Amino acid sequence: MTQLFAKIRSTPLLWLLLFVPIVLAVEILRPEAHTLLFLLSVLAILPLAAMLSLATESVAERTGDAAGGLINATLGNLTELVIALTALAAGQYALVKASIAGAIVTNALFMLGASFLLGGLRHHVQEFNRVGARFQASLLFIATVALLVPSAVATADHVADPGAIQRLSAMLAILLIAGYGLGLYFSLGTHREAFASAGHEAHGEALPIGLALGTLAVVTVLVALVSHVFVASVEVAGAALGLTPAFVGFIVVSLVGGAAEFASAFSAARKNRLDLSVSIALGSAAQIALFVGPLLVLLSYLIGPAPMGLDFWPGAIVMMLIAAISAAMLTNGGRSTWFLGVLVLMVYAIFGLTLYVLPPAQ
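If you use our numbering, the sequence shown corresponds to residues -5 to 356, in order.
So this is what it looks like as structure tokens:
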């Protein structure tokens, strides 16, 4: 614990941890102050993301970048899951679907592109395990196809039976979750050696494994609590700022919800551990598409006012497909530079500007 407290004292960003009890207190005392709660929750999530980054890197030092990336993606996606579950219970299916699509695109483009940019600015050319990257990109592409099929078929064939789309969505959800489990068994079990990352030096600031796991558990709970406050205030605050629900779900929720993963991926890229960055970015996107999204479909039968389907609006379909194809193309060579990151971020900026200026009809 002494090492952890020393790290907090020496890192100014971690001083913002003071906002965690503040935002929880304000949520109890002034629940109607949505804009204030929105701003305080963002300030609280940032240091929690940094703590999660530190703990995840410490675990990855001992488990390898593939397993470390999986751990970070899973814990990071817990934030998106909490946000989506809150909206799901309230019947805000448009926000749920926007957050699913936004998380896939944000992780596959923004997180990957920014990792390439930040790592490339410090290290002229970086290399990563392209076998692992191609595997994650392939999973993402297959999952994206499954997410797009109900929407495409329903639109092209003018399917008028919403029950049929929901039944298809439930069957696809079970299929995707099974595929995700088999993918984990393949990458971490039978073919683990193919996903080994390049050797790297150990970092002296790594926490002991027990402390790192304890920190992961505590910070994950705090992130979930703060995320609940965030999602309860984000729509009202977004409306006050002139933002549409689609933009809020696709961009704002995805960026704030993925803050923990961003911190880990960017820090790893700056330390020339691009294997970990790519594993977090593509692994998180694939996990959203293969597990979180399908799980929300199944949970909608239990906690939602009505079953939710996997049908998305046409703009989300196009953006997810472009993001999956871009990720597969950009990671095929196993090398990156800062300018490659700029190009990826430009694609993400195009999506964001389009949603802001031309929001979909609700």
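We put the beta carbon where it would ideally sit given N, CA and C, even for glycine. Quick caveat, the model's predicted, so the values are computed rather than measured.
Taking its Cβ as the centre, do 16 or more other Cβ atoms sit within 10 Å of residue i, making it buried, or is it exposed?
i, result
"VAL302", "It should be noted that the sequence gives Met, not Val, for residue 302. Label assigned to MET302: buried."
"MET45", "buried"
"VAL215", "exposed"
"HIS118", "exposed"
"SER294", "buried"
"MET314", "buried"
"TYR174", "buried"
"ILE168", "exposed"
"PHE32", "buried"
"LEU324", "buried"
"ALA275", "buried"
"LEU347", "exposed"
Does residue i come out as helix, strand or coil in the three-state DSSP assignment?
i, result
"GLN86", "coil"
"ARG267", "coil"
"ARG3", "helix"
"GLU187", "helix"
"GLU26", "coil"
"GLY208", "helix"
"LEU289", "helix"
"GLU195", "Any answer about GLU195 is weak, because its pLDDT of 48 lies below 50 and its placement is not dependable; what the coordinates show is given next. Coil."
Could you say which of the options lies nearest to residue i if we only look at CA atoms?
i, options, result
"ALA343", "ALA146, VAL228, ALA262, PHE241", "PHE241"
"ALA137", "LEU339, GLY287, ARG128", "GLY287"
"LEU133", "ALA234, ALA81, LEU352, GLY277", "GLY277"
"GLY413", "ILE2, ILE311, LEU170, ALA131", "An answer regarding residue 413 cannot be provided, because it is not within the stretch -5 to 356 covered by the chain."
"THR100", "ALA280, PRO353, GLY298", "ALA280"
"SER163", "PHE104, LEU18, LEU292", "LEU292"
"LEU284", "ALA83, VAL36, ALA127, GLY177", "GLY177"
"ILE316", "VAL139, THR80, GLY252, LEU182", "VAL139"
"VAL351", "THR238, GLU21, SER4", "THR238"
"ALA300", "VAL223, ARG161, MET323", "ARG161"
"TRP307", "LEU142, SER4, ALA43, LEU42", "LEU142"
"SER320", "VAL338, GLY236, TRP9", "VAL338"
"SER52", "ASN71, ALA262, PHE104", "ALA262"
"ALA257", "PHE104, LEU31, SER4", "PHE104"
"ILE245", "LEU31, ILE77, LEU349", "LEU349"
Are the C-beta atoms of residue i and some chain E residue less than 8 Å apart?
i, result
"PHE32", "Absent here is chain E; the protein component of the structure consists of one chain."
Go through its chain and collect everything with a Cβ distance to residue i's Cβ below 6 Å, but skip five positions before and after it.
i, result
"GLY198", "Bear in mind that a pLDDT of 49 at GLY198, under 50, signals an unreliable position, so the number given afterwards is only what the model happens to contain. There are no such residues."
"HIS194", "Bear in mind that a pLDDT of 49 at HIS194, under 50, signals an unreliable position, so the number given afterwards is only what the model happens to contain. Closer than 6 Å at the Cβ level, and outside the excluded window around HIS194, lie ARG267."
"ALA310", "ALA95"
"ALA49", "ALA206, THR209, LEU210"
"LEU11", "PRO41"
"SER47", "ALA257, SER258, SER261"
"ALA361", "Because the chain here runs from -5 to 356, residue 361 falls outside it and cannot be looked at."
In whole angstroms, give me the CA-to-CA distance for residue i and residue j.
i, j, result
"PRO144", "LEU166", "9 Å"
"LEU219", "VAL212", "11 Å"
"GLU26", "ALA158", "40 Å"
"ALA97", "SER273", "15 Å"
"PHE13", "LEU34", "7 Å"
"ALA259", "ASP155", "43 Å"
"GLY243", "PRO6", "30 Å"
"GLY232", "VAL225", "11 Å"
"GLY85", "LEU304", "15 Å"
"LEU89", "SER221", "15 Å"
"GLU250", "PHE345", "The sequence shown places Val at residue 250, rather than the Glu named in the question. Near 17 Å, if we compare the C-alpha coordinates of PHE345 and VAL250."
"GLY113", "TYR87", "37 Å"
"ILE16", "ALA146", "46 Å"
"ALA19", "GLU255", "26 Å"
"THR29", "SER227", "7 Å"
"SER271", "THR(-4)", "28 Å"
"ILE171", "ILE282", "10 Å"
"PHE180", "PHE129", "10 Å"
"PHE333", "ALA108", "10 Å"
"THR331", "ASN71", "27 Å"
"ILE22", "VAL223", "10 Å"
"THR80", "VAL36", "17 Å"
"ALA102", "VAL341", "11 Å"
"ILE65", "ARG186", "16 Å"
"GLU229", "SER4", "36 Å"
Skipping 5 residues on each side, what residues in its chain have a beta carbon closer than 7 Å to that of residue i?
i, result
"ALA188", "VAL125"
"VAL336", "LEU111"
"SER248", "SER93, GLY96, ALA97, THR100"
"ALA253", "ILE39, LEU40, ALA43"
"VAL76", "ALA218, SER221, HIS222"
"GLY236", "none"
Cutting at 8 Å between CB atoms, please list the residues of its own chain near residue i, excluding the five before and the five after it.
i, result
"LEU82", "VAL90, LEU290, LEU293, SER294, ILE297, GLY298, MET302"
"ALA322", "ARG128, ALA131, SER132, LEU134, PHE135"
"GLN120", "PHE110, GLY113, GLY114, ALA263, ASN266, LEU268, ARG329, SER330, THR331"
Would you say the beta carbon of residue i is closer than 7 Å to some non-hydrogen atom of the ligand ZN?
i, result
"GLY208", "Among the components modelled here there is no ligand, and therefore nothing to report on the ligand ZN."
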